[in-house]
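Engineer: FYI, the numbering for the sequence shown is -38 to -1, 1 to 251, going by mature numbering (1 follows the signal peptide of the UniProt record, and there is no 0).
I'd like to ask you about the structure that follows.
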Amino acid sequence: MNVRQNGAARTRRILAGVNLAAAAVLAGQLMVVAPAQAVPGLVRVQSTGPIDSDWKTTNAQCPPGTTVLGGGGRINTASGQVVMDTMLPLSDGSAYSVTGREDDNGFAGNWSITTTSLCAPAPAGLETKTMFSPDNSTNKSVTLPCTAGKKAIGVGGELSGGLGQVILEELRPDADLGSVTVTGAEDANGHAANWSITAKAICVTPPASLERVAGPFGLLDSTDVKTNTAICPAGKRVHGVGGEIEGGAGQVRMTGVLAASTTSVTVTGMEDENGFAGNWGVRAYAVCA
């Protein structure tokens, strides 16, 4: 299903030489400085919530005067039995929010959520777009485009009605950053009730050198835990986060999708408690500038 939607006149040779040398120095400075922080004031905020065995939500609050551009989360100590069914910016742009729910078998141990937000004063052209999928009991995907001329810097998704039995398999800024894709899949036990996807795209007038970097994708196999990291090129910083599971058939959960540092995004996939005989992989995406 595709709801898928940068001369003065030459008077004397020596003066020309001085001007050219000065211009070269200036150009060198611009080449070093300009890419370092395409969105001024960008900060990474991290918050870890309570440790217990209840479903929970943890927000990473942006500092005053800033708005959320992207974010993600990680489940701490839950052995693949907790689903992050909400990873999205709050509607007022004040934080990134992650909700975790235990699957239908539950989990006896305690666990917590670590959430990260990438925040900055509102950049040019900032808008947050929202799209909803149909509400039914089938696996589904939503592709949400940015307004023409803008690019996605952040992505969010929520599974309404999944109750821990539906997996966020894709939370992905697409290759040209013109859209985002959010995909949900029911787990191995299925889910009889209706559920839906809310997809969110944080879009901006693209800053210079904005690009999506994908982590190197290894061989598909049945290793029970895999981690993939996307690293921004030298001089660039992470502005947005994404990840996906390939071939997991609802039995592999993304237990971590977050900016591990200012220059890298790490995504972890983990099989459920019953394991998974099929071959699967995990990929991290970093939106860099």
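Ideal Cβ positions, reconstructed from N, Cα and C, are used throughout, including at glycine.
Note that the structure is predicted; figures quoted are calculated from it, not measured.
Given a cut-off of 7 Å on the beta-carbon distance, is the pair D47 and Q127 in contact?
Structural biologist: Position 85 of the sequence shown, counting from 1, holds the residue named residue 47. Position 165 of the sequence shown, counting from 1, holds the residue named residue 127. Not a contact, by the Cβ cut-off of 7 Å.
Engineer: Could you round the C-beta distance between G116 and L31 to whole angstroms and report it? I think they count as a contact, below 8 Å.
Structural biologist: For the purposes of this step, residue 116 is taken as the residue at position 154 of the sequence shown. For the purposes of this step, residue 31 is taken as the residue at position 69 of the sequence shown. With a Cβ gap of about 5 Å, G116 and L31 count as contacting.
Engineer: By a C-beta neighbour count over all protein chains shown, 10 Å radius and 16 as the cutoff for buried, is N21 buried or exposed?
Structural biologist: Numbered from its first residue, the sequence shown carries residue 21 at position 59. Classification for N21: buried.
Engineer: Could you give the first and the last residue of the continuous beta strand (DSSP E) run that contains V60?
Structural biologist: Along the sequence shown, one-based indexing puts residue 60 at 98. Its beta strand (DSSP E) spans residues 57 to 64.
Engineer: Please say whether S103 and T76 have beta carbons closer to each other than 7 Å?
Structural biologist: Residue numbering aside, residue 76 sits at position 114 when the sequence shown is read from its first letter. Residue numbering aside, residue 103 sits at position 141 when the sequence shown is read from its first letter. Against a cut-off of 7 Å, the Cβ pair of S103 and T76 comes out as no contact.
Engineer: Please name the residue, chosen from P85, L121, T78, that lies closest to F94 on a Cα-to-Cα basis.
Structural biologist: As a working note, residue 94 is residue 132 in the sequence shown. When each option's Cα is compared against that of F94, the closest is L121.
Engineer: Can you find at least 3 beta carbon pairs, one from the region 182 to 194 and one from the region 152 to 162, that sit closer than 8 Å?
Structural biologist: As far as the Cβ criterion goes, the region 182 to 194 does not touch the region 152 to 162, which means the pair count is below three.
Engineer: Where do the ends of the beta strand (DSSP E) carrying Q43 lie?
Structural biologist: Your numbering for residue 43 matches position 81 in the sequence shown. Premise fails: Q43 is in no beta strand (DSSP E) and is neither H nor E.
Engineer: Taking only the alpha-carbon atoms, compute the straight-line gap between V60 and V45 and give it to the nearest angstrom.
Structural biologist: Stepping through the sequence shown from its first residue, residue 60 is reached at position 98. Stepping through the sequence shown from its first residue, residue 45 is reached at position 83. Distance between the alpha carbons of V60 and V45 is about 10 Å.
Engineer: Which whole-angstrom value describes the C-beta separation of H201 and A251, a residue pair presumed to lie in contact below a C-beta threshold of 8 Å?
Structural biologist: Here residue 201 is taken as the residue at index 239 of the sequence shown, counted from 1. Here residue 251 is taken as the residue at index 289 of the sequence shown, counted from 1. With a Cβ gap of about 5 Å, H201 and A251 count as contacting.
Engineer: What runs of the beta strand (DSSP E), each 3 residues or longer, lie entirely inside the region 92 to 169?
Structural biologist: Those beta strand (DSSP E) runs which fall completely within the region 92 to 169 and span 3+ residues are 102 to 107, 113 to 122, 128 to 135, 141 to 148, 158 to 166.
Engineer: For S9, list the residues DSSP reports as bridge partners.
Structural biologist: On the sequence shown, residue 9 is found 47 positions in, with the first residue counted as 1. S9 is bridged to T77.
Engineer: Look at the alpha carbon of K91 and the alpha carbon of L106, and state the distance between them as a whole number of angstroms.
Structural biologist: Taking the sequence shown and counting its residues from 1, the one referred to as residue 91 is at position 129. Taking the sequence shown and counting its residues from 1, the one referred to as residue 106 is at position 144. Rounded to whole angstroms, K91 to L106 spans 8 Å at the Cα level.
Engineer: Using CA coordinates, which residue listed in I193, S99, V142 is at the minimum distance from N151?
Structural biologist: Counting from one through the sequence shown, the residue named residue 151 turns up at place 189. If we check each option's Cα against that of N151, S99 comes out closest.
Engineer: Spatial neighbours of G87 within its chain, please: CB distance less than 6 Å, with the 5 preceding and 5 following residues excluded, ordered by chain position.
Structural biologist: Here residue 87 refers to the residue found at position 125 of the sequence shown. Excluding residues within five positions, the ones whose Cβ falls inside 6 Å are K112, V166, T167.
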